[in-house]
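Undergrad:
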Amino acid sequence: MKNNNLFDEILDVMHFDYYIDQYGRVRLLDNEGANLGGIEDEYFSIDEYTCTAILERMDSYIYDYFINDVNEVTGNDYESVQEILDDIVNVQNKNIGEGELLMISAIANPEQLRLSKGKINESGYFDYHLNIAKYQFSI
Numbered sequence: 008m009k010n011n012n013l014f015d016e017i018l019d020v021m022h023f024d025y026y027i028d029q030y031g032r033v034r035l036l037d038n039e040g041a042n043l044g045g046i047e048d049e050y051f052s053i054d055e056y057t058c059t060a061i062l063e064r065m066d067s068y069i070y071d072y073f074i075n076d077v078n079e080v081t082g083n084d085y086e087s088v089q090e091i092l093d094d095i096v097n098v099q100n101k102n103i104g105e106g107e108l109l110m111i112s113a114i115a116n117p118e119q120l121r122l123s124k125g126k127i128n129e130s131g132y133f134d135y136h137l138n139i140a141k142y143q144f145s146i
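Just so we're aligned, residue 8 is where the sequence shown starts under my numbering, counting upward by one.
1. Please report the straight-line C-alpha distance between residue 104 and residue 51, rounded to a whole angstrom.
2. Could you check whether residue 88 and residue 74 sit closer than 8 Å to each other, using their CB atoms as the reference points?
3. Take the Cβ of residue 41 as the centre, count every other Cβ of all protein chains shown within 10 Å, and call the residue buried at 16 or more, exposed below.
4. Helix, strand or coil for residue 34? Go by DSSP, reduced to three states.
5. Need the endpoints of the beta strand (DSSP E) that residue 24 sits in, please.
6. Would you kindly work out how many angstroms separate the C-alpha atoms of residue 106 and residue 100, rounded to a whole number?
7. Express the C-alpha separation of residue 116 and residue 55 in angstroms, rounding to a whole number.
8. What number of angstroms, rounded off, separates the C-alpha of residue 23 from the C-alpha of residue 86?
9. Enumerate in chain order the residues of its own chain whose CB-to-CB distance from residue 92 is below 7 Å, with the five nearest sequence positions on each side excluded.
10. Quick check on DSSP: helix, strand or coil for residue 56?
11. In the DSSP assignment, find the unbroken alpha helix (DSSP H) run with residue 104 in it and report its ends.
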């Protein structure tokens, strides 16, 4: 995936990217071009809650790309990433990949995600790329 950045990888799985607009706000880009619910028109302030706010806004995408995938593999009917983590032993026994479990754990604990310096966007504005502090995942 892109920058060995867990938040970037989570967005990449859901076919999204982000940039900082000329007003210093985080904006999402739907790489599929669907822009469902006008998600590309929304913006997020840059602070310690940015990643949490973005993931809360993307709850239906998280269900489609993560929870539903785990449900298909395990034959269970989880409704949240927290339910998956609460039943981690069963989930691991169904051969869910460690990378996917790490992403699910980060989604369940978005307060661990942070902004860090990043790239220049298409408009020439400096972006802060969302980053994650060293994330510990243990079972």
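Just so you know, even glycine gets a beta-carbon here, dropped at the ideal spot from N, CA and C.
TA: On the basis of the coordinates in this document:
1. The residue given as residue 104 occupies position 97 in the sequence shown. The residue given as residue 51 occupies position 44 in the sequence shown. Between residue 104 and residue 51, the C-alpha separation is close to 31 Å.
2. Taking the first residue of the sequence shown as position 1, residue 74 is located at position 67. Taking the first residue of the sequence shown as position 1, residue 88 is located at position 81. Yes, they are a contact pair.
3. What you label residue 41 is simply residue 34 of the sequence shown in a count that begins at 1. Exposed, since its Cβ has fewer than 16 Cβ neighbours within 10 Å.
4. By one-based count along the sequence shown, residue 34 stands at place 27. When DSSP states are grouped into helix, strand and coil, residue 34 belongs to the strand group.
5. Locating residue 24 in the sequence shown gives position 17, where the first residue counts as 1. Annotation for residue 24: the continuous beta strand (DSSP E) segment containing it runs 23-27.
6. The residue labelled residue 106 in the question sits at position 99 within the sequence shown. The residue labelled residue 100 in the question sits at position 93 within the sequence shown. Going from the Cα of residue 106 to the Cα of residue 100 covers about 15 Å.
7. Here residue 55 refers to the residue found at position 48 when the sequence shown is read from its first residue. Here residue 116 refers to the residue found at position 109 when the sequence shown is read from its first residue. Their backbone Cα atoms lie some 13 Å apart in a straight line.
8. By one-based count along the sequence shown, residue 23 stands at place 16. By one-based count along the sequence shown, residue 86 stands at place 79. Whole-angstrom Cα-Cα distance: 22 Å.
9. In the sequence shown, counting from the first residue as 1, residue 92 sits at position 85. Around residue 92: 111, 112 and 115.
10. Residue 56 sits at position 49 when you count from the first residue of the sequence shown. Coil at residue 56, not helix or strand.
11. In the sequence shown, counting from the first residue as 1, residue 104 sits at position 97. Neither: residue 104 is in no alpha helix (DSSP H) and is coded neither H nor E.
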